[in-house]
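Have a look at the structure below, then the notes.
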Amino acid sequence: MSAEVVTGLGVSPGTGVGVVQLMAPRLGPPRTQTLTENGESEAAGGAPELREPTVLIARDLSAADAAGLDPDLVAGLITEAGGPMSHTSIVARSLGIPAVVAAGATALRTGMRVRVDGGTGRVRVADVTESPARSTAAPAAQRSVGGTRTADGYPVELLGNIGDAAGAAEVAACEADGIGLFRTELAFRTRTRQPSIEVQARLYSSVLAEVPERKVILRTLDTGTDTTMPPSHGLGERNPALGVRGYRATTNLLEDQLRAIAIAARVQDVDPWVMAPMISTPAEARGFRMIARRYGISRAGVMIEVPAAAVMADAILAECDFVSIGTNDLTQYTMAADRELGAVAELNDPWQPAVLRLVRTAAVAGTAHGKPVGVCGEAAADPLLACVLVGLGVTSLSMSPRALPAVAEAIGESDHGQCQAMAVAALGASSASAARAAARHALATADLRTPEPTHRA
754 MSAEVVTGLG VSPGTGVGVV QLMAPRLGPP RTQTLTENGE SEAAGGAPEL REPTVLIARD
814 LSAADAAGLD PDLVAGLITE AGGPMSHTSI VARSLGIPAV VAAGATALRT GMRVRVDGGT
874 GRVRVADVTE SPARSTAAPA AQRSVGGTRT ADGYPVELLG NIGDAAGAAE VAACEADGIG
934 LFRTELAFRT RTRQPSIEVQ ARLYSSVLAE VPERKVILRT LDTGTDTTMP PSHGLGERNP
994 ALGVRGYRAT TNLLEDQLRA IAIAARVQDV DPWVMAPMIS TPAEARGFRM IARRYGISRA
1054 GVMIEVPAAA VMADAILAEC DFVSIGTNDL TQYTMAADRE LGAVAELNDP WQPAVLRLVR
1114 TAAVAGTAHG KPVGVCGEAA ADPLLACVLV GLGVTSLSMS PRALPAVAEA IGESDHGQCQ
1174 AMAVAALGAS SASAARAAAR HALATADLRT PEPTHRA
């Protein structure tokens, strides 16, 4: 067997063999996409044009660049930085691209042929007999996931996370209950200018058309870590993750976006749901709901992704129509561990009991107000953790469409009382690993099959 040349964190299961291509700049700060004051897009480097199965190597990728990769030609992805919950990792999993992150500086050179194992995190020089190809982890059997219930009949809404109309078509194909997270900022990735209201309306309409008569939640533009707005919003900030991002960014852009969503809704004759990212206070939730109402949008909610919002969930739910818990950022901010940094990956685990307790706080508030509380982070894609989240009281789970069948199967084989017992067991643990083990034990004692996670969190 050929020698191993790189070891990192395997974050997207599957194997791929391809020719190495380095993406510039290989070193330096993480890549960001900037919408300039006149609307033009500036991005450091960019995804290269590929003609054969390729293993891409970069320091890191923005979510926009990662989402633009062609899964038919990208046999594997290796980044020097990043963690399991980084944007690059999440997009790689959604596209089914084997990926290894936190690999550090490597000796790999353009033109080498390597084999990437996105499960083990190992990369080696390919044998001469290995042809360029990609194989993702075997997907769960295709099945309709809409109307999922626990074994004893408790309903759990299963939704998909998407970035464009193609993703919406995947959600429709597995007959999910709808779209729980439309990352509208990904629509900006191929634009040389900030999309006009008309262009945005056509884009949103194309997504709504793919899932008629189903729930669609559009998240307004989440700027800050991957996309920054002029003239000073996010530019030059030492820590954009804590800066002017999401709802804190330009009001004009938000209003244009809501106007475009309202136009698309009229064209498709639907009643969309909208939610704002990076909400920290009840006043911000109230402000967003008021703006949405101004444009005739009747269902306006917010993301709970900072601890302050989770702690204040009761007051926030009094000001909006629903909340969706973004466990990726909630974990990052709760544990003070950068989700893009592999060195703190162990802390960046949604199984952390502190994170689970914040989820429970929000779920309890939702029950008190009679309003939906969903989870749209990567935590929802882990079948075992999905059962715990149901036990904590969340009403919907949204994830990559690829993960939906396995999660639907796990929930369907568990009864609601067992999910609650798993949640209690996990909450009583003192670490992420202990919480996972406690939940698995609680499930096993009911003589039910333990669902396997689609990837290690």
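Residue numbers (our numbering): 754 to 1210.
Don't be surprised by glycine CBs; every beta carbon is placed ideally from N, CA and C.
Just the Cα atoms here: how many angstroms apart are residue i and residue j?
| i | j | result |
| --- | --- | --- |
| A1191 | D870 | 29 Å |
| L911 | S959 | 21 Å |
| T768 | D823 | 16 Å |
| I1164 | Q1171 | 10 Å |
| M1028 | E1058 | 12 Å |
| D930 | V878 | 43 Å |
| A1036 | R1042 | 10 Å |
| P908 | R1189 | 24 Å |
| G1215 | W1104 | For residue 1215 there is no data in the structure shown, the boundaries of the chain being 754 and 1210. |
| T1034 | L995 | 15 Å |
| Y1000 | A925 | 29 Å |
| A1197 | I843 | 29 Å |
| P948 | R1012 | 13 Å |
| G746 | E833 | This structure cannot speak to residue 746, because the chain is shown only from 754 to 1210. |
| G900 | R991 | 45 Å |
| G872 | G1040 | 44 Å |
| A1176 | V1117 | 13 Å |
For residue i, does the three-state DSSP call read helix, strand or coil?
| i | result |
| --- | --- |
| S1186 | helix |
| D870 | strand |
| A1090 | coil |
| S897 | coil |
| Y907 | coil |
| E757 | strand |
| F1041 | helix |
| A879 | coil |
| A1056 | Note on identity: in this sequence residue 1056 is Met, with Ala being the wrong assignment. M1056 falls in the strand class under three-state DSSP. |
| I1032 | coil |
| L780 | Legend: pLDDT at L780 = 38, less than 50; position of this residue unreliable, value from coordinates given subsequently. DSSP places L780 in coil when its eight states are reduced to three. |
| G1127 | strand |
| S985 | In this prediction, S985 has a pLDDT of 41, which is less than 50 and means its spatial position is unreliable; nothing more can be read from the coordinates. |
| V764 | strand |
| G931 | strand |
| Q1242 | Because the chain in this structure spans residues 754 to 1210, residue 1242 falls outside the shown range and cannot be described. |
| T1080 | helix |
| T1114 | helix |
| S1051 | coil |
| T807 | strand |
| Q774 | strand |
| M1253 | This structure cannot speak to residue 1253, because the chain is shown only from 754 to 1210. |
| A1133 | helix |
| A852 | strand |
| N914 | strand |
Considering Cα atoms alone, identify which of the options is closest to residue i.
| i | options | result |
| --- | --- | --- |
| S1151 | T1114, A1071, G1181 and V969 | V969 |
| L1111 | A1045, A1062 and S1167 | A1062 |
| D1009 | P1035, Q953 and R804 | Q953 |
| M1088 | G1095, L1094 and A1107 | A1107 |
| G1123 | L803, F1075 and G821 | F1075 |
| S1183 | A1161, L1100, D1168 and A1134 | L1100 |
| P1030 | A1134, R998 and R1047 | R998 |
| T863 | A1133, Q774 and V844 | Q774 |
| V772 | A994, R866 and R1092 | R866 |
| P837 | P851, S1149 and L809 | P851 |
| P1154 | A962, A1045, D1135 and G761 | D1135 |
| R902 | V827, M1175, A1174 and A1139 | A1139 |
| P806 | R1046, A1115, E1093 and S884 | S884 |
| A1174 | A1156, V1141 and E1162 | V1141 |
| A1045 | L1007, M1065 and L830 | L1007 |
| S1149 | G920, I932 and S839 | I932 |
| L809 | E802, A820, V827 and L961 | V827 |
| S1186 | L1109, D1168 and L830 | L1109 |
| D825 | L1094, V898, A845 and D880 | A845 |
| L861 | G1146, V1160, A756 and V1055 | A756 |
| L1097 | S839, L1145 and V853 | For clarity, residue 1097 is Val in the given sequence; the question names Leu instead. Considering only alpha carbons, the answer is S839. |
| A1156 | A1121, G1146 and A1133 | A1133 |
Given residue i, which residues of its chain have a CB within under 6 Å of its CB, disregarding the five upstream and five downstream residues?
| i | result |
| --- | --- |
| L759 | The question names Leu, yet the displayed sequence has Val at residue 759. Same-chain partners within the cutoff: A856, T859 and V876. |
| V1143 | V909 and C1172 |
Take residue i and list the residues in its own chain whose beta-carbon comes closer than 8 Å to its own, dropping the five residues that flank it on each side.
| i | result |
| --- | --- |
| H1194 | A1178 |
| P965 | Q1021 and V1023 |
| R735 | Because the chain is modelled from 754 through 1210, residue 735 falls outside the range shown and cannot be assessed. |
| D905 | D1168, H1169 and G1170 |
Here's a check: name, in chain order, each residue in its chain whose Cβ is nearer than 7 Å to the Cβ of residue i, leaving out the five neighbours to either side.
| i | result |
| --- | --- |
| I1014 | Y957, L971, P1025, V1027 and I1050 |
| Y1048 | L1011, R1012 and A1015 |
| P1125 | F1075, G1119, T1148 and S1149 |
(message) Can you confirm whether the region 1076-1088 touches the region 1116-1134 when touching is taken to mean that 3 or more C-beta pairs between the two stretches lie within less than 8 Å?
(response) With a cut-off of 8 Å, the region 1076-1088 and the region 1116-1134 count as touching, because enough Cβ pairs lie within range.
(request) Say whether the region 930-938 touches the region 898-918, bearing in mind that this needs 3 or more beta-carbon pairs closer than 8 Å, one atom from each stretch. (result) A contact exists between the region 930-938 and the region 898-918.
(request) Evaluate contact between the region 807-822 and the region 1058-1073, counting only Cβ atoms and requiring at least three cross-stretch pairs below 8 Å. (result) Result no; under three Cβ-Cβ pairs closer than 8 Å.
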